[in-house]
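Everything below concerns the one structure shown next.
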Amino acid sequence: MLTSRRLFKAAAIGTIGLGTLASLRANEYDIGAIGIVRLSRAALAVFDIGRYYKKELYNSKLDRTSTEYLQLKSDVHKYGAQRLLELCCANKGVYIKVGQHVGALEYLLPQEYVHTMRVLHSSAPQSTFKDVLTVIKEDFKKDPYEIFQSIDPEPLGTASLAQVHRAVLRNGDVVAVKVQHRAVKSNSYVDIKTMSALVKITSLVFPDFKFDWLVDETKKNVPQELDFTREGKNAEKVQRLFGDYRWLRVPRIYWDVSSSRVLTMEFLDGGQVNDLEYMRAHQLNPYEVSSKLGRLYSHMIFIEGFVHSDPHPGNILVRNRDSQAEIVLLDHGLYANLSDQFRWDYSKLWLAILDGDRDAMKEQCARLGVADYYGLLSCMVSGRTWDTIMSGVRKTRYNIQEKEEFQQHIPNLLPQISTVLERVNRQMLLILKTNDLMRGIEYSLRTQSRMSAMMEMSKCCVRSVYGEKLRHCSSAWDRCWVSCAERWVLFKLSAYYVYLGLIHFDLNKSVDSLWTKDFYPF
0 MLTSRRLFKA AAIGTIGLGT LASLRANEYD IGAIGIVRLS RAALAVFDIG
50 RYYKKELYNS KLDRTSTEYL QLKSDVHKYG AQRLLELCCA NKGVYIKVGQ
100 HVGALEYLLP QEYVHTMRVL HSSAPQSTFK DVLTVIKEDF KKDPYEIFQS
150 IDPEPLGTAS LAQVHRAVLR NGDVVAVKVQ HRAVKSNSYV DIKTMSALVK
200 ITSLVFPDFK FDWLVDETKK NVPQELDFTR EGKNAEKVQR LFGDYRWLRV
250 PRIYWDVSSS RVLTMEFLDG GQVNDLEYMR AHQLNPYEVS SKLGRLYSHM
300 IFIEGFVHSD PHPGNILVRN RDSQAEIVLL DHGLYANLSD QFRWDYSKLW
350 LAILDGDRDA MKEQCARLGV ADYYGLLSCM VSGRTWDTIM SGVRKTRYNI
400 QEKEEFQQHI PNLLPQISTV LERVNRQMLL ILKTNDLMRG IEYSLRTQSR
450 MSAMMEMSKC CVRSVYGEKL RHCSSAWDRC WVSCAERWVL FKLSAYYVYL
500 GLIHFDLNKS VDSLWTKDFY PF
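All letters in the sequence shown, in the order written, are residues 0 to 521 by numbering that gives the first Met the number 0.
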């Protein structure tokens, strides 16, 4: 129960936090006045949300299982989500980034929060064109129009840390110029400090929920995302790792007109990956798009351990090239770098989920830090209900009823989910976000029941697990034996999925006929 005493204590902590921030200096940034304003907004928002929950929900006399109570809970969640959105838009910067993270966790948080915060993926507050030109001038020590023939004043897109403008270089090349919001770097330290204080306040208002993991991840990731030279190097690494994927395009970087706050890239057009109307108009098959995305991200996660971790629709474009779907991957600022041991453990967890092997799931979840919550982590990883996992994920096609059932139970499990996120191997956090974003894309494309993506993931898991075995082989004979065993397992896996595909073929005919062609990569 949320008590007035607890709210008063939280307000006191917030007041202390204000005084602490006012006295701090960090590096070259004087964060006193800015910190007071940002933390004041945050503390007031949390206090207001907590007060509203107490007044409207926790003091309610309604039966907790009644339809009226569930509707009331949804309404209160909507109020809290709207206040949180207002806070993110007011503080901008890193707060937008955190809001986008919340909006990505569709299978882990109440839908009221996810759907409200999702607007930040495509409608983040933008900088003025004057500020854009100022950043370019500050970084290159010359007038922007000495570098560019022209720069479109209206941005192509705006994100939490930067915005992108179409421009033309002096040599006539059409480029996309990503320019960091002018104040975001100087405010980032302030944001981390204010959010740390905010988490302390939140933990008093909602003691069952542990959000330190979110601040820790933000503290680790934001400095990397603010360095655009790192983003450019990430883009070039993806080009090297996946050069064999002829249908994947990553914009070329113009290093001579790039800096830590300005990134100039090849301009590539296309429609957003979730835009079905664009796909129909350009004769693109959503099943082909979904299959290629599944293949790409499975390879990233299970084979390379280098994962593009912000695959929201604005960062993935599709276009028709020679009657094939070409994927354009944008925004390479945030990547998960997975250790070999994590890749192997995570691969074994997925194989255990696909096999419905409870003991193996428990063993691998223990390796990942959450032995007591192995069932919950398995559901979080797969986005499937426990009943489906135990009855066979490969045999049970995903449908809207299962999605609704999954999300219906999320609000009742928030304290446990919070505990899992607090304890689990840190490398899992970006993977969970990536999984949810990919599932959201599949849901938008209406391809979530298709088996091809699951098969590609299964194959990559097998390759990862046998890669570990090969790493530990001590002789040529052992390596030969392991390689043969891997090929045999992959053959059986392919045969099994072909069998499942034949069973469900008739169910898909009516959907497939809507498109000009179908895509069966396996």
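Where is the CB? At the ideal position from N, CA and C, for every residue including glycine.
The C-alpha of Leu329 lies about 11 Å from the C-alpha of Asp268.
With 16 or more other CB atoms across the displayed protein chains lying within 10 angstroms of its CB, Cys460 is buried. Contact between the stretch 416-429 and the stretch 366-374 is present: three or more C-beta pairs spanning the two stretches fall below 8 Å. Distance between Val176 and Met454, taken at the CA atoms: about 38 Å. Looking at the DSSP output, Tyr334 bridges to His307. Relative to the Cα of Asp226, the nearest Cα in the group Leu43, Tyr253, Val178, Ile191 belongs to Val178. By the CB criterion at 7 Å, Thr193 and Ala41 fall inside the cutoff. Between Ser308 and Thr446, the C-beta spacing is not below 7 Å.
Residue environment: Tyr57 is assigned as exposed (fewer than 16 neighbouring CB atoms within 10 Å of its CB, all protein chains considered).
Note: Leu56 is not bridge-paired with any residue in the DSSP secondary-structure output. Closest by C-alpha distance to Asn424, out of Leu367, Arg438, Cys479, Gly391, is Leu367. In the structure shown, Asn411 adopts helical secondary structure according to DSSP, grouped into three states.
Across the structure, Ile150 and Arg169 are spaced so that their CA atoms are roughly 11 Å apart.
For the options Phe305, Arg279, Glu265, the alpha carbon positioned closest to that of Val237 is the one of Phe305. The alpha carbon of Cys87 has as its nearest neighbour, out of Lys77, Gly79, Gly98, the alpha carbon of Gly98. Between Ser258 and Phe139 the beta-carbon gap is near 7 Å, inside 8 Å, which marks them as a contact. Taking each of Gly92, Tyr52, Lys136 in turn and checking the Cα distance to Leu119, the smallest one comes out for Gly92. Per DSSP, the unbroken beta strand (DSSP E) holding Glu265 starts and ends at 261-265. Pairwise C-beta distances place the stretch 478-490 out of contact with the stretch 309-322, as fewer than three of them are shorter than 8 Å. Taking every protein chain shown into account, the CB of Leu337 has 16 or more other CB atoms within 10 angstroms, so this residue is buried.
Annotated three-state conformation of Arg229 is helix, per DSSP. Here DSSP, grouped into helix, strand and coil, assigns Leu168 to strand. In this structure, Met389 sits away from Ser377, with a CB-CB distance that is not shorter than 7 Å. C-alpha of Glu325 to C-alpha of Val221: approximately 30 Å in a straight line. In the DSSP secondary-structure assignment, Lys177 is bridged to Val163, Leu262.
The C-beta of Pro414 has fewer than 16 other C-beta atoms within 10 Å across all chains shown, which makes the residue exposed. In the DSSP assignment, Asn319 falls within the unbroken beta strand (DSSP E) covering 315-320. Boundaries of the beta strand (DSSP E) harbouring Gln323: 323-328, taken from the DSSP string.
Within the same chain, Cβ atoms closer than 7 Å to the Cβ of Gln125 are found at Pro154, Thr157, Gln162, the five residues on either side in sequence being excluded. Taken through DSSP and simplified to helix, strand or coil, Leu132 comes out as helix.
A straight line joining the alpha-carbon of Tyr94 with that of Glu485 spans about 46 Å. Cys364 and Val173 have their C-alpha atoms roughly 49 Å apart. The Cβ neighbour count for Thr66, taken over all protein chains shown within 10 Å, is under 16; the residue is labelled exposed. With respect to the 7 Å criterion, Ser195 and Val167 are not classified as neighbours on the basis of their beta carbons. Under the three-state reduction of DSSP output, Ser149 falls in the strand class. Annotated as proximal: Glu111 and His76, with beta-carbon spacing under 7 Å.
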